[in-house]
Amino acid sequence: MKGSHDISHDITHGLNYFGDIRCHTNEIMLGFSLCSLSSSFWMWAERLSCHFR
């Protein structure tokens with residue numbers, strides 16, 4: 001028979017685990033958006049430099 005402390009500890013541990021997954025997913029999404037932002041920025045800069053040449 002598990003005590004209430006053990007159960008709450010398991011729940012906390014599980015929530016922390018899902019929180020970690022969510023954080024990693026956010027980091028990955030942020031990385032992808034930063035990559036696409038930087039690539040679109042460079043394309044835009046290239047067009048601009050062509051325009052002002």
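full-length UniProt numbering puts the first residue of the sequence shown at 1, with every later residue one more than the last. Just so you know, even glycine gets a beta-carbon here, dropped at the ideal spot from N, CA and C. Nothing here was measured: the structure is a model prediction, and the numbers come from that model.
Straight-line gap, LEU15 to MET29 (C-alpha atoms, nearest Å): CA-CA distance, LEU15 to MET29, rounds to 21 Å.
Coil, strand or helix - PHE52 by DSSP: Coil at PHE52, not helix or strand.
Three-state class that DSSP yields for GLY31 in the structure shown: Helix.
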